[in-house]
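*Asks:* With our numbering applied, the sequence shown corresponds to residues 243 to 497, in that order.
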Amino acid sequence: MKKRHSLGQNFLTDPDIAAQIAASAGIEEGETVWEIGPGMGILTQELLKYQPRLTAFEIDGRLIPFLEKRFRDSLEHIHGDILQQDWAALIAGKELKLVSNLPYQISSPLLELLQRHHQSFKLSVLMLQREVAHRLTASPGSKAYGALSLRMQLNFDIEVVMDVSKDYFDPVPQVDSSVVRITPRAIPAQIQNLTTFHRLIRIGFSSRRKTMRNNLLPHYDKATLLKLQDSSGIDLQRRAETLSEAEFILLSDLL
243 MKKRHSLGQN FLTDPDIAAQ IAASAGIEEG ETVWEIGPGM GILTQELLKY
293 QPRLTAFEID GRLIPFLEKR FRDSLEHIHG DILQQDWAAL IAGKELKLVS
343 NLPYQISSPL LELLQRHHQS FKLSVLMLQR EVAHRLTASP GSKAYGALSL
393 RMQLNFDIEV VMDVSKDYFD PVPQVDSSVV RITPRAIPAQ IQNLTTFHRL
443 IRIGFSSRRK TMRNNLLPHY DKATLLKLQD SSGIDLQRRA ETLSEAEFIL
493 LSDLL
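#1: For the beta strand (DSSP E) containing His321, name the first residue and the last one.
#2: Would DSSP call Glu277 helix, strand or coil?
#3: Check the DSSP bridge columns for Lys339 and list the partner residues they point to.
#4: Which residues mark the beginning and the end of the beta strand (DSSP E) in which Leu296 is found?
#5: Report, in whole angstroms, the separation of the C-beta atoms of Ser391 and Val374, which I expect to be a contact under 8 Å.
#6: Would you call the region 324-343 and the region 302-313 in contact, with 3 or more CB pairs under 8 Å?
#7: Output the distance between the C-alpha atoms of Ile491 and Ile433, rounded to the nearest integer angstrom.
#8: For Leu289, which option in Gly268, Phe308 and Glu300 has the closest C-alpha, if you only look at C-alpha atoms?
#9: Under the rule that 16 or more other beta-carbon atoms within 10 Å means buried, what is Thr379, buried or exposed?
#10: With DSSP run on the structure shown, which of helix, strand or coil describes Ile491?
#11: What residue range is occupied by the uninterrupted beta strand (DSSP E) comprising Ser420?
#12: Kindly confirm or deny that the region 443-460 and the region 400-414 touch, where touching means at least three C-beta pairs closer than 8 Å.
#13: Can you list, in chain order, the residues of its chain whose CB lies under 6 Å from that of Tyr292, leaving out five sequence neighbours each side?
#14: Assuming Phe340 and Ser366 are in contact, meaning their beta carbons sit under 8 Å apart, how far apart are those beta carbons, in whole angstroms?
#15: When the Cα of Arg451 is compared with those of Leu368, Gln371 and Gly383, which residue comes out closest?
#16: For Gln371, which option in Val421, Lys464, Val403 and Val414 has the closest C-alpha, if you only look at C-alpha atoms?
#17: Leaving out the 5 sequence neighbours to the left and right, which residues in its chain are closer than 7 Å to Ile259 when beta-carbon positions are compared?
#18: How would you call Ala334, buried or exposed, if buried means at least 16 neighbouring beta carbons within 10 angstroms?
#19: Quick one: what does DSSP say Lys245 is sitting in, helix, strand or coil?
Below is the structure:
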């Protein structure tokens, strides 16, 4: 079957890697698990060994008959774009695990949805573009650290489980991948106003070469910024990439 570039189809070819991904999710019998983009089912097969209640979301209608024939009644198939699904209705009070080899092109919007519904996902194991994995796990002061790092780390602990060479995919993509394990933080960050916080990090990282002060100046007057610096004790001549989560929260709470 010809792979569709428009759908970001790069199918994993190594069953040992699929087995490691499934094992890293710690699935127990009867747990509810989602898989996004099962493709030819190499990861699906490994997930089913743990006897979960598995739902597979596949956008490519050509694959549905193949998957239904291969796995029969072992799982639920949903044909459609995961980004267009009614997540609230599908979750409906469930506690879920998400285990997937994600198409690169949906990684960012999918992570946003995962964060929005973070209370429903007790664990996620995702194959991502390595650059995205580095951004998710980045610390202040690193080049990979940015708005995505902060947004995801507010609610999750994130670790890289393994790196996967691009040579283990068909067709071979241009970049390597990494598998990350995402678990809810035991104590999520406490923020007075999430809207203000997300606006602050968006503005702060809008131009990485500029200082926080210069990025904020078009949005706040000089007196407000001077008061913010004095009250927080944080030098706004620093760049956003040097500020910790706690410092961003303090600035946000004072705005």
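No residue lacks a Cβ here, since even glycine has one placed at the ideal position from N, Cα and C.
*Replies:* Taking the geometry as given:
#1: Glu318 to His321
#2: strand
#3: Val275 and Leu365
#4: Arg295 to Glu300
#5: So it is not a contact: roughly 11 Å between Cβ atoms.
#6: no
#7: 6 Å
#8: Gly268
#9: buried
#10: helix
#11: Ser419 to Pro426
#12: no
#13: Ile269
#14: In the sequence on display, residue 340 carries Leu and not Phe. Right, their Cβ atoms sit about 4 Å apart.
#15: Gly383
#16: Val421
#17: Val406 and Tyr410
#18: exposed
#19: Because the pLDDT of Lys245 is 47, which lies under 50, any placement of that residue in the model is unreliable, and the question is left without a value.
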